[in-house]
Amino acid sequence: MASSEIGCGGERTEGVDQGMESSMGPESPNGPDTGSGQEDSSGTETQLGDYLANSRAAAQKVEQTDVTKRVEELFGELNLPFTRTGGDWDISADVGTVSAGLDEDEEVLTFSQFIHPLTKPDKKQGEYFGVLLRENISSVGACFAVFDSDSGDPSQVVILARIGAKSLDPNEITVTLESLFRLSALFDG
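When you line the sequence shown up against the working numbering, it's residues 1 to 189, in that order.
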């Protein structure tokens, strides 16, 4: 889509819109373009403020990669067979693949494993849910949960474990994974 912009020397240039319209809507934050060639300074300040906020967030994210490095060091120390997938990890285990990932602030490390989809309505599975909840009582670190998809897919039974990521130690990861593996083994065979 073609757009008209004011160049550095004040001249009007025709160019290709590179996503500004889609991210800001068809109008500028200060109302529709009047075609006067004058840009409202508060709109520029808003864009600059957004740019600086995004830059600061990116800089903070780079600093937080120490947590990611620590997680990988601990996985290596524990001889976990893991692979990196995007920002998450997949851990291969006898009970199947366990996913691990950090929340956006890198404060919580979550381990999860999808067990199976729920094919019956919830109200028809009360006894089954009761069994899962009873297993949660004796579990240390992991628990059964139900994951509801935003995409309309069936809900899934998952095993979930969350631990603080800033103060990780090998023992905490070991206890958490052993708990998850024990619950997962209930569905083997």
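We put the beta carbon where it would ideally sit given N, CA and C, even for glycine.
As the structure is a prediction and not an experimental result, all values here were calculated from the model.
Exposed unless 16 or more other CB atoms sit within 10 angstroms - verdict on residue i
i: S179; result: buried
i: G141; result: buried
i: T119; result: exposed
i: T83; result: exposed
i: V16; result: With a pLDDT of 39 at V16, under the threshold of 50, the predicted position of this residue should be treated as unreliable, and no value is reported.
i: V131; result: exposed
i: D50; result: exposed
Inter-residue Cα distance where the pair is residue i and residue j
i: V108; j: S92; result: 21 Å
i: D169; j: L133; result: 28 Å
i: N79; j: V98; result: 15 Å
i: E73; j: D103; result: 18 Å
i: E127; j: I137; result: 16 Å
i: D122; j: L183; result: 21 Å
i: K69; j: K166; result: 11 Å
i: D88; j: G152; result: 23 Å
i: F147; j: Q113; result: 11 Å
i: E172; j: D105; result: 20 Å
i: G86; j: V67; result: 16 Å
i: S149; j: L186; result: 24 Å
i: S139; j: T65; result: 31 Å
i: S155; j: C143; result: 16 Å
Sequence-distant residues of its chain with Cβ nearer than 7 Å to residue i (five each side left out)
i: D188; result: V95
i: A145; result: V158 and L160
i: D90; result: F82, T83, T97 and S99
i: F129; result: none
i: F181; result: A93 and V95
Close Cβ partners of residue i (< 6 Å) along its chain, the five nearest in sequence each way excluded
i: H116; result: V157
i: R162; result: V108 and T110
i: G101; result: D88 and T110
Close beta carbons around residue i, own chain, < 8 Å, minus the five adjacent residues each side
i: T174; result: L78
i: V71; result: W89, A100, L102, L109, A165 and L168
Contact belief for residue i with residue j at Cβ below 8 Å, rounded distance in angstroms
i: T176; j: F111; result: 6 Å
CB contact check: residue i to chain D, cutoff 8 Å
i: P121; result: Given the protein chain composition of this structure (a single chain), no chain D is represented.
Mind listing, in chain order, the continuous alpha helix (DSSP H) runs of no fewer than 4 residues lying wholly within the segment 61–141? 65–77 and 126–137
Where in the segment 134–189 do unbroken runs of the alpha helix (DSSP H), each at least 4 residues long, occur, reported from the N-terminal end onward? 170–185
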